[in-house]
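S.K.: Got a structure for you, written out below as structure tokens; questions coming shortly.
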Amino acid sequence: MIRLEARPSPSRLAGILSPVIALVITVGVAAVLFLVLGKDPMRGLSVFLVTPWNGVRALTELGLKATPLILCSLGLALCFRSNVWNIGAEGQFLIGGIFGGGLALLVTVHPVALDRWGFFPLLVLAGALGGALWAAVVALLRDRFNANEILVSLMMVYVADLLLSWLVFGPWRDPKGFNFPQTMSFAAATGVPRLVPGMRLNLGFPLALLVAVATWLFLFRTYRGMQLQVGGPAPRAARYAGFSSRAALWISLLVSGGLAGIAGALEVAGPMGQLTPYVSNGYGFTAIIVAFVGRLHPLGCVLSSVLLAMFVIGGELAQSRIGLPAALTGVFQGVLLFSLLACDTFIQFRLRWRARA
Amino acid sequence: MNQVALLLAATLGAGTPLAIGSLGLLVNERSGVLNLGAEGVMLVSAVTGFAAAYHSGNEWIAFLAGAAAGAALAAVFGWLVIWLNTNQYATGLAVSLFGAGFSAFVGTGYVGRKLESGGEHSVPLLRDLPFVGTALFRQHPMVYLAMALAGAAAFFLYRTRAGLVLRSVGESPESAHALGYPVRRIRLAAVMVGGALCGLSGAYLSVVYAPLWVEGMVAGRGWIALALTVFATWRPARVLLGAYLFGGVTMLQLHLQAQGVQLPPQFMSMTPYVATIVVLVLISRNPLWIRVNMPASLGKPFFPGS
Amino acid sequence: MTTPRLQLAHVTKRFASLVANDDVALTVEPGEIHAVLGENGAGKSTLMKVIYGALRPDAGEVYWNGTRVEVRSPHEARTLGIAMVFQHFSLFETLTVAENVWLGLSRQVSLQTVREGIEAKARDYGLTLEPERPVHTLSVGERQRVEIVRALLTDPQLLILDEPTSVLTPQAVEKLFATLRQLAKTGCSILYISHKLDEILALCQRCTVLRAGKVVGTCHPKEETTASLSRLMIGAEPPRLQHRERRPGEQVLQVVDLSLPKIDRFGVALENVALEVHQGEIVGIAGVSGNGQQELLAALSGEDPRCREEAVLLFGRSVGRLDAARRRQLGLHFVPEERLGRGAVPGLSLAQNLLLTRTEALRALGWIDRSALRRQAEAIIGRFTVKATGAGAPAKSLSGGNLQKYIVGREIDAVPKVLILAQPTWGVDVGAAAQIRGELLALRDAGCAVLMVSEELDELFEVTDRLYVMAKGRLSPSVATAAASVELIGEWMSGLWPKSPEIPLLEKTGATP
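These protein sequence lines are chains A, B and C, in that order. Each residue of the first sequence is one higher than the one before, counting from 1 in this note's numbering. Each residue of the second sequence is one higher than the one before, counting from 1 in this note's numbering. Each residue of the third sequence is one higher than the one before, counting from 1 in this note's numbering.
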């Protein structure tokens with residue numbers, strides 16, 4: 001009989017191997033799926049795993065897709081470590097996009113003497129404000145009324161989505177846009193400054209990396225960061241120590257909302273250049289997976305953002321080159337998370353074989 | 001008058017998937033396990049049910065298929081959470097995300113397909129009663145099944161020993177284990193029942209309510225069902241009430257749209273979600289109320305032999 | 001030569017790195033009251049779980065009435081006729097007494113039969129119990145009665161009781177002993193697990209002594225003394241404590257008319273609690289757990305900031321609404337009852353756990369000086385001889401006793417002006433307990449005001465200068481420890497203290513007991 005037995009102390013080896021094994025399992029499932037769908041598994045795997053890294057343009061696209069994931073997942077890592085389950089990053093992303101897009105629209109209609117570099121901080125501020133405001137609703141309802149933040153933040157995602165839909169179908173629709181649900185294209189001066197000539201990679205990427213460093217410092221080197229992390233696993237210890245759970249709630253929600261909002265604003269003003277109903281690629285939800293795969297650690301979040309950006313790009317390539325449905329990406333991401341959760345068990349437990357007495 | 005009767009009838013139909021799903025989650029949560037994957041389970045069983053109905057032409061086979069798919073996905077969740085003791089929140093989210101991707105993937109071939117119509121369902125004789133006939137007796141059998149389920153759940157929980165055992169596991173799995181009850185198997189059974197009922201609800205959505213398949217068609221009903229169990233303080237009768245309330249809100253806004261009320265359609269569509277938030281706020285305001293009614297071990301891991 | 005009711009031979013049980021039971025032998029005769037004696041951590045609870053089927057042994061045989069058996073589950077144990085009353089009850093608070101008992105019975109009986117059975121057994125043994133009351137309305141002593149009646153209804157041939165008296169007043173202990181003697185006369189054997197020597201002397205006919213997982217001897221308690229039993233249990237004489245004459249200074253902590261409603265329906269309301277603690281004295285609060293001690297401590301430490309500002313006075317300042325961190329800044333430190341999850345975060349290292357209550361290693365903007373923190377932790381580990389792999393060891397890797405030493409050390413090292421402790425030596429072995437008590441006395445001699453809540457009367461009598469008693473949310477007047485007796489405290493634990501003040505406070509003479 002096989003049993004699980006608690007380890008005397010967590011296994012570091014398992015901690016490092018677990019994401020690797022989870023990835024291997026995911027690749028294995030992917031290969032099987034390709035076979036079942038009648039496609040060459042080697043071709044399919046190479047489109048997902050190799051092609052996204054092939055060449056300078058590919059790498060810049062990887063960085064571009066990873067940027068919103070990094071920003072969102074850092075905020076979520078902060079939240080989850082504090083036991084605040086913010087599932088609504090997608091909604092905060094959208095509202096940040098609305099605020100940023102709104103600002104860009106304003107500047108497009110009423111031109112101001114600003115170039116991209118000057119506009120950038122305003123864009124970031126607008127996005128942060130929008131996302132933080134949307135998250136503040138969740139924080140307020142949990143703080144004052146004890147309403148569960150998982151359900152509230154999720155409902156807010158649907159509301160945000162409908163809000164965006166109303167704006168692009170209604171008041172903000174481009175009058176010269178042939179009745180398509182989209183705003184007019186933003187002026188060139190509102191775009192996010194690009195890093196490499198000819199490529200789409202923009203200032204958002206180094207910003208995201210900076211935020212990662214700041215998050216790391218905050219979580220592991222400051223008193224406030226440590227306080228946030230106690231309230232999650234040990235709420236009574238936090239009360240004993242006098243750490244404010246209210247502070248943890250508000251800080252983590254406002255920061256993660258703000259970061260998701262910045263990601264949304266950057267996406268709207270950067271690669272998209274206008275507002276449409278399809279602003280988000282599900283980034284807010286993918287970021288949840290990123291945060292867990294990255295072990296809720298800032299460095300891990302950056303690495304797993306790149307990994308999952310690879311999956312997203314791979315999915316788009318698979319659709320255009322092999323004729324596979326784009327929804328495949330979602331399946332792989334789900335399998336990755338499942339495998340990771342299962343493999344993580346072996347950090348705290350080990351298998352024991354016991355002969356029947 | 002006929003308008004009101006029609007509205008009531010529509011409310012029952014709209015509330016039914018919420019009721020069935022939420023009753024399943026109620027049983028699930030009574031054992032102490034929180035399944036945040038309800039949305040994913042409903043999506044997977046919606047596409048499964050649709051496919052089964054499309055290929056077999058029989059909606060009852062579709063319901064069975066949906067329930068089976070739901071139970072299977074819930075079993076995977078249950079194994080991870082109960083035996084491997086993975087974090088219940090994260091694993092539930094994984095199920096939801098996986099379910100969304102998987103259902104979209106599997107369903108690509110079924111978008112735009114039509115099912116053979118099941119015909120009009122009604123109870124003979126009673127359907128012709130004035131007002132009540134229109135309101136109550138021209139419904140799909142599932143609607144009546146939902147009501148029966150609520151009664152069965154209440155009977156099971158409060159009048160049988162098995163129900164007592166389930167409630168005790170939810171309150172203190174450690175004590176139940178010390179008394180020799182197979183806590184993990186009981187929890188798995190509860191999780192699978194929850195999955196099966198969510199699956200039934202998903203299949204109903206795609207085969208009867210809509211009836212069609214489109215990516216993401218569950219539109220948050222899984223999450224609303226979760227909120228409903230809290231709103232109902234884990235009591236079956238209140239689940240039914242809450243489900244019909246939500247169904248009513250959804251139907252009312254459609255009704256108002258049809259009447260030409262001049263509000264942007266998106267704001268009308270927001271009402272179920274905003275209503276959920278309002279309901280959560282109202283029910284959670286008194287922390288004592290929740291703590292007293294909630295299964296005490298909900299969401300916490302259980303380690304036998306510790 | 002009668003067949004023994006229960007016989008264990010070469011029973012061994014290992015957990016990860018620890019051998020909880022090592023080649024244990026045990027024999028219990030029919031109708032015998034047999035004690036299993038050992039200090040905390042000796043392996044008594046593990047052995048009982050093996051007998052009861054909750055754990056499978058790694059080696060060894062179990063014989064029941066002469067036949068070899070495998071007890072694979074509590075269900076099988078119950079079928080054999082083994083019943084167990086746990087130290088930590090297996091009760092469901094939201095269910096009634098009858099439902100709880102019903103769940104504990106393997107037989108397929110109806111709820112009505114159970115109700116009648118409860119009333120019958122209660123009558124036979126003189127225990128009062130109402131079948132329809134929800135368990136959360138019962139006191140701790142009443143809950144134990146539910147556990148006992150549940151066990152009795154299985155008509156057991158062997159009844160195991162694990163540390164049953166920690167939740168009882170001395171008078172209730174006498175009642176329990178009467179019940180057990182009556183039961184033994186019917187032929188039922190009793191296994192009585194305890195570390196309380198005087199109880200074993202009073203009640204038991206034979207005694208098996210466990211130390212560090214091994215059996216170190218068996219004896220007949222009637223032929224032993226507490227000293228000889230103690231020597232068997234810990235292998236040496238109990239260490240003696242130095243008492244110096246106390247010279248209490250001014251009043252530093254005062255509670256005035258503190259009343260608090262219950263925080264939830266499972267709690268206890270506090271009514272008009274009043275106490276005071278002076279510099280240079282150790283004041284104890286005795287009482288069976290569940291009488292409001294948790295609530296009082298939370299109000300004092302700042303974890304429950306609901307009370308009136310003036311209800312708690314620290315150096316004359318009203319602090320009733322301040323949180324724990326602010327009270328710590330004023331010099332009030334607290335050692336809570338629960339180690340993991342409250343006094344320390346299990347997943348964090350010992351050094352990081354310092355930051356819960358100590359802020360010396362923090363620099364500007366909340367920056368953590370990690371090397372200073374590590375040095376601080378190592379100093380505490382050294383001074384209090386905490387067995388750990390270093391300041392980086394996670395808190396959950398320490399044994400209960402060592403973690404307690406670290407937490408107590410952390411608070412004592414802060415040089416508090418007022419130190420409050422809850423069950424400071426619970427689950428701690430004798431050596432560590434003596435060290436902790438010695439440090440507390442030193443702290444008191446240095447001028448600190450110490451308030452100690454404990455269920456162990458021996459400990460309170462040994463260490464404190466004055467005593468209060470807590471019963472049903474109310475606090476008694478104080479009495480000098482030297483002037484108090486176990487009987488008096490026992491009566492007060494039932495709430496029977498004189499309602500008018502002016503109990504004479506005698507000075508402790510300072511002689512060692």
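Every residue gets a Cβ at the ideal spot worked out from N, C-alpha and C, and that includes glycine.
Mark residue 339(A) as exposed unless 16 or more other C-beta atoms lie within 10 angstroms of its C-beta, in which case mark it buried.
M.R.: buried
S.K.: Would you decide whether residue 356(A) is buried or exposed? Buried here means 16 or more other CB atoms lie within 10 Å of its CB.
M.R.: Note that residue 356(A) scores 49 on pLDDT, short of 50, meaning its location in the model is unreliable; the coordinates nonetheless yield the value given after this. Under this definition residue 356(A) is an exposed residue.
S.K.: At 4 residues or longer, what runs of the alpha helix (DSSP H) sit wholly inside the stretch 82-114 of chain A?
M.R.: 89-109
S.K.: For residue 274(A) versus residue 183(A), is the C-beta distance shorter than 8 Å?
M.R.: yes
S.K.: What are the partner residues of residue 67(C), as DSSP defines its beta bridges?
M.R.: 64(C)
S.K.: Is the beta carbon of residue 469(C) within less than 7 Å of some heavy atom of the ligand MG?
M.R.: In the structure shown, the ligand MG is absent, as is every other ligand, since no ligand is present at all.
S.K.: Does the beta carbon of residue 266(B) sit closer than 8 Å to a beta carbon anywhere in chain A?
M.R.: yes
S.K.: Taking only runs of the alpha helix (DSSP H) that begin and end inside the stretch 68-97 of chain C, which ones reach a length of at least 4 residues, in chain order?
M.R.: With a minimum length of 4 residues, the continuous alpha helix (DSSP H) runs that stay inside the stretch 68-97 of chain C are 74-80.
S.K.: Since residue 94(B) meets chain A, which of its residues come closer than 7 Å, beta carbon to beta carbon?
M.R.: Neighbours of residue 94(B) in chain A, taken as residues whose beta carbon is under 7 Å from its own, are 334, 337, 338 and 341 in chain order.
S.K.: So, is residue 402(C) buried or exposed, given that buried needs 16 or more other C-beta atoms within 10 angstroms?
M.R.: Burial check for residue 402(C): the Cβ neighbour count within 10 Å reaches 16 or more, so the residue is buried.
S.K.: Assign residue 286(C) to one of three DSSP states: helix, strand, or coil.
M.R.: strand
S.K.: Does residue 19(A) come out as helix, strand or coil in the three-state DSSP assignment?
M.R.: helix
S.K.: Tell me, please, whether the CB atom of residue 226(A) is closer than 8 Å to any CB atom in chain C?
M.R.: Yes - at least one Cβ of chain C is within 8 Å of the one on residue 226(A).
S.K.: With a 10 Å radius around its C-beta and 16 neighbouring C-beta atoms as the bar for buried, classify residue 20(C) as buried or exposed.
M.R.: buried
S.K.: Which residue comes first and which comes last in the beta strand (DSSP E) that contains residue 350(A)?
M.R.: In the DSSP assignment, residue 350(A) falls within the unbroken beta strand (DSSP E) covering 349-353.
S.K.: Considering just the uninterrupted stretch of the beta strand (DSSP E) at residue 109(C), what are its terminal residues?
M.R.: Counting along the chain, residue 109(C) falls outside any beta strand (DSSP E), and DSSP gives it neither H nor E.
S.K.: Taking a contact to mean a Cβ-Cβ separation below 8 Å, would you say residue 369(C) touches residue 377(C) in this structure?
M.R.: no
S.K.: Check the DSSP bridge columns for residue 283(B) and list the partner residues they point to.
M.R.: Per DSSP, none; premise fails for residue 283(B).
S.K.: Under the DSSP definition of a beta bridge, which residues are partnered with residue 190(C)?
M.R.: 33(C) and 159(C)
S.K.: Can you tell me the Cβ-Cβ gap for residue 261(A) and residue 130(A), rounded? I've got them flagged as a contact below 8 Å.
M.R.: A Cβ-Cβ separation of about 5 Å places residue 261(A) in contact with residue 130(A) under the 8 Å criterion.
S.K.: How big is the Cα-Cα spacing for residue 505(C) and residue 461(C)?
M.R.: Because the pLDDT at residue 505(C) is just 40, under 50, the model does not fix this residue reliably, and the value given afterwards should be weighed accordingly. Taking the straight line joining both Cα atoms gives about 15 Å.
S.K.: Residue 391(C) and residue 349(C) - do their beta-carbons sit closer together than 8 Å?
M.R.: Between residue 349(C) and residue 391(C), the C-beta gap is smaller than 8 Å, which places the two residues in contact.
S.K.: In three-state DSSP terms, what is residue 133(C)?
M.R.: coil
S.K.: Answer yes or no: does any C-beta atom of chain A fall closer than 8 Å to that of residue 337(C)?
M.R.: Cβ-Cβ to chain A under 8 Å: no for residue 337(C).
S.K.: Does any residue of chain C bring its CB to less than 8 Å from the CB of residue 56(A)?
M.R.: no
S.K.: Does any C-beta atom of chain C lie closer than 8 Å to the C-beta of residue 154(B)?
M.R.: So no, residue 154(B) is outside the interface.
S.K.: Assign residue 510(C) to one of three DSSP states: helix, strand, or coil.
M.R.: Confidence is the limiting factor: at residue 510(C) the pLDDT is only 34, short of 50, which leaves the residue's position unreliable, though a coordinate-based value still follows. In the three-state reduction of the DSSP assignment, residue 510(C) falls in the coil class.
S.K.: Do the stretch 120-131 of chain C and the stretch 183-193 of chain B make contact, defined as three or more Cβ pairs closer than 8 Å?
M.R.: no
S.K.: Kindly indicate if chain B contains any beta-carbon less than 8 Å away from that of residue 15(A).
M.R.: False, the Cβ-Cβ gap to chain B never drops below 8 Å.
S.K.: Looking only at C-alpha atoms, which of 238(B), 272(B) and 263(B) sits nearest to residue 251(B)?
M.R.: 272(B)
S.K.: Just to make sure I have the definition right: I need the residues of chain A whose C-beta is within less than 8 Å of the C-beta of residue 352(C). Which are they?
M.R.: 226
S.K.: Out of 117(C), 158(C), 11(C) and 40(C), which one is the CA nearest neighbour of residue 79(C)?
M.R.: 158(C)
S.K.: Counting only Cβ pairs nearer than 7 Å, list the residues of chain A close to residue 366(C).
M.R.: Contacts between residue 366(C) and chain A, judged by CB atoms closer than 7 Å, involve 222, 223 and 224 in chain order.
S.K.: Could you list which residues in chain B have their beta carbon closer than 7 Å to that of residue 75(C), in chain order?
M.R.: 180
S.K.: Whose C-beta lies closer than 6 Å to the C-beta of residue 215(B) among residues of the same chain, with five residues either side of it excluded?
M.R.: 104
S.K.: For a contact defined as C-beta to C-beta under 9 Å, what are the partners of residue 326(C) on chain A?
M.R.: 242
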